[in-house]
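Enquirer:
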Amino acid sequence: MNNIYLIGIGTGNPDHLTLEAKNLIETSDLILLPNKGSEKSDLLDLRRFICKQISKKSSLSIREFSMPVRDETNKNYLSRVDQWHKEIATCWSNAITEFRRQEKVLNLNIALLIWGDPSLYDSSIKIFHKYNEQEKNSCLKVVPGITSLQALAAAHKITLNSVGKPFHVTTGRMLRQFGWPDETETVAVLLDEKCSFNLVKKNNLRIWWGAYLGMDKEILLCGNVSEVGKKIANTRLTAKQKYGWIMDTYILKFQP
Ligand SMILES: C[S@@+](CC[C@H](N)C(=O)[O-])C[C@H]1O[C@@H](n2cnc3c(N)ncnc32)[C@H](O)[C@@H]1O
141 MNNIYLIGIG TGNPDHLTLE AKNLIETSDL ILLPNKGSEK SDLLDLRRFI CKQISKKSSL
201 SIREFSMPVR DETNKNYLSR VDQWHKEIAT CWSNAITEFR RQEKVLNLNI ALLIWGDPSL
261 YDSSIKIFHK YNEQEKNSCL KVVPGITSLQ ALAAAHKITL NSVGKPFHVT TGRMLRQFGW
321 PDETETVAVL LDEKCSFNLV KKNNLRIWWG AYLGMDKEIL LCGNVSEVGK KIANTRLTAK
381 QKYGWIMDTY ILKFQP
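Letter 11 of the sequence shown, counting from 1, is numbered 151 in our numbering, and no numbers are missing.
#1: For LEU280, which residues from the same chain have a beta carbon less than 6 Å from its beta carbon, with the 5 sequence-adjacent residues on both sides left out?
#2: Between the segment 211–229 and the segment 183–201, can you find at least three pairs of beta-carbon atoms closer than 8 Å?
#3: Any chance the segment 296–315 sits against the segment 324–340, with 3 or more Cβ pairs inside 8 Å?
#4: Thinking just about the alpha-carbon of each residue, which of LEU173, GLU325 and GLY285 is nearest to the one in TRP232?
#5: For GLY411, which beta-bridge partners are listed by DSSP?
#6: Answer yes or no: do ILE171 and LEU200 have a C-beta to C-beta separation smaller than 8 Å?
#7: Given a cut-off of 8 Å on the beta-carbon distance, is the pair ILE265 and PRO258 in contact?
#8: Under three-state DSSP, which class holds PRO284?
#9: Using a 10 Å radius around the Cβ and a threshold of 16 neighbouring Cβ atoms, would you call LYS371 buried or exposed?
#10: Kindly list the residues whose CB is nearer than 6 Å to the CB of ALA235, restricted to its own chain and excluding five residues on each side of it in sequence; keep chain order.
#11: Hey, out of ILE254, ASP169, LYS276 and THR299, whose CA is closest to GLN242's CA?
#12: Who does ASP400 pair with in a DSSP beta bridge?
#13: Please look up how many angstroms separate the CB atoms of PHE394 and GLU323, rounded, as I've assumed it's under 8 Å.
#14: My output table needs one value for LYS393: the three-state DSSP class, helix, strand or coil.
#15: Does DSSP put ASN175 in a helix, in a strand, or in coil?
#16: Using three-state DSSP, classify ARG210 as helix, strand or coil.
#17: Between LEU164 and ligand 2, is there a pair consisting of the residue's CB and a ligand heavy atom that are separated by less than 7 Å?
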């Protein structure tokens, strides 16, 4: 049997790696890194950098695979994502088979370095099950990592929840589609290309925004949305033009 480790690596700061993550990366036989093309080469470089930094062995066995792109012509979102997961599972399978053939080994410990934490808006656990439906040869281990929300709250020195209150985690698309969730004071948003906070019709809405959290180029802004909303949108646009990509997340608190 193989062991497949899905290892949360945090969102850009190698110091956020747990000891468990570090130990498993160090002792894995094979590390699989997704190559998402030139726009996101920073993220690949960071994963490579993490491997290099924590490796005590002279060389870790790293293999890269080209990340398939989603078929945007398929208008059914769920089937589009499902198809994409199958294609990624096939990439894992091909890379592992090729490595086994080259190294002439049967049982491997294989690590995948997962951005943030594998439990938050990440597909790797689902992809593992698709992979193993076909291969039936692997056990899964999931190693938690620091999420972008934790990195954001720490950077702004705030708590995610108000005392004794829940908070809601969603995406920009859901916030646009369904509006502010009922009975909710705090909303955390990931995956928002469209600055959806500027569309929320509420007075006294505060935002804590962060881009490239944990990286040297980290940007933080906060304030009342009516005062800083446009500035954040402009900052986001300029940064995306400068670096070719952006990842940002934010927390909104409604103060009635
Ligand atoms: C596919 S989700 C993955 C989330 C990840 N698993 C986590 O635990 O944070 C990607 C989204 O996470 C957020 N994100 C990830 N890394 C980030 C970073 N370094 N700075 C700001 N936001 C980040 C962005 O909202 C991005 O669109």
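Here a beta-carbon is modelled for each residue, glycine too, at the ideal position from N, C-alpha and C.
Since we're looking at a predicted model, the values are computed, not measured.
Expert: In short, the structure shows the following:
#1: For the purposes of this step, residue 280 is taken as the residue at position 140 of the sequence shown. These residues qualify, in order along the chain: ILE144 and PHE268.
#2: no
#3: yes
#4: Locating residue 232 in the sequence shown gives position 92, where the first residue counts as 1. Among LEU173, GLU325 and GLY285, the Cα nearest to that of TRP232 belongs to LEU173.
#5: This structure gives no information on residue 411, because the portion of the chain shown stretches from 141 to 396.
#6: On the sequence shown, position 31 is the one that residue 171 refers to. On the sequence shown, position 60 is the one that residue 200 refers to. Their beta carbons are under 8 Å apart, which means ILE171 touches LEU200 by this criterion.
#7: Counting from one through the sequence shown, the residue named residue 265 turns up at place 125. Counting from one through the sequence shown, the residue named residue 258 turns up at place 118. In contact: ILE265 and PRO258 (Cβ atoms closer than 8 Å).
#8: Mapped onto the sequence shown, residue 284 falls at position 144. It is coil, neither helix nor strand.
#9: Position 231 of the sequence shown, counted from the first residue, corresponds to residue 371. Its Cβ having fewer than 16 others within 10 Å, LYS371 is exposed.
#10: Here residue 235 corresponds to residue number 95 of the sequence shown, with the count starting at 1. LEU172, ARG203 and PHE205, listed in sequence order.
#11: Mapped onto the sequence shown, residue 242 falls at position 102. Checking every option, the nearest Cα to that of GLN242 belongs to ASP169.
#12: Because the chain in this structure spans residues 141 to 396, residue 400 falls outside the shown range and cannot be described.
#13: Within the sequence shown, the letter at position 254 stands for residue 394. Within the sequence shown, the letter at position 183 stands for residue 323. Not quite, the Cβ-Cβ distance comes to about 11 Å (not below 8 Å), so this is no contact.
#14: For the purposes of this step, residue 393 is taken as residue 253 along the sequence shown, with counting starting at 1. LYS393: strand per DSSP, three-state reduction.
#15: Your numbering for residue 175 matches position 35 in the sequence shown. It is a strand residue.
#16: By one-based count along the sequence shown, residue 210 stands at place 70. In the structure shown, ARG210 sits in coil (DSSP, three-state: anything other than H, G, I, E or B).
#17: In terms of ligand content, the structure shown lacks ligand 2 and carries ligand 1 instead.
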